[in-house]
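Notes to accompany the following structure.
In our numbering, the protein residues as written are 39 to 199.
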């Protein structure tokens, strides 16, 4: 920006001290500092905007080149597919003309055949039935409770007779 050395800055400070006076110098210096800060922020914003514009131009160029490459690939695939379809038609036509009595119609029918999708079968699950790995004889021998029992039923079960 400006090429100011230490001697020039000292000269400017001395002139400002003489012209402005020592009592107003801190306020003026603060104002100059804020203005310089605003100017630096403005310059950095302008630089950032220029950099963004340059990056945007580069991205546009890159996008155009990628799109062009995609179009070339698509055209190549189309031409390859057309050639393959032509070769396939020629090959199947040659087979069809040489083997008319061998059932040439069945070969073209099987090309479009697809197996039907599997049917839905509901699983035979009973969510109310509890399945455990412990055998019933073990539970009976060791007195493991298998069903919920009310308090009254439990009292009646263990009441002395």
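Beta carbons: idealized from backbone N, C-alpha and C, even for Gly.
On the criterion of 16 or more Cβ atoms from any shown chain inside 10 Å, does residue i qualify as buried, or is it exposed?
{"i": "residue 143", "result": "Bear in mind that a pLDDT of 48 at residue 143, under 50, signals an unreliable position, so the model cannot answer this."}
For the alpha helix (DSSP H) that residue i lies in, which residues bound it at each end?
{"i": "residue 189", "result": "189-196"}
{"i": "residue 171", "result": "Taken as a continuous stretch (DSSP letters only), residue 171 belongs to no alpha helix (DSSP H), as it is neither H nor E."}
{"i": "residue 57", "result": "44-58"}
Is the distance from the Cβ of residue i to the Cβ of residue j below 9 Å?
{"i": "residue 52", "j": "residue 66", "result": "no"}
{"i": "residue 195", "j": "residue 187", "result": "yes"}
{"i": "residue 50", "j": "residue 42", "result": "yes"}
Could you check which residue in the options has the C-alpha nearest to that of residue i?
{"i": "residue 182", "options": "103, 124, 174", "result": "174"}
{"i": "residue 172", "options": "166, 180, 99", "result": "180"}
{"i": "residue 168", "options": "184, 157, 160, 177", "result": "184"}
Query - Contiguous alpha helix (DSSP H) assignments of at least 4 residues, all confined to the segment 61-126 - result: You should have found no qualifying run.
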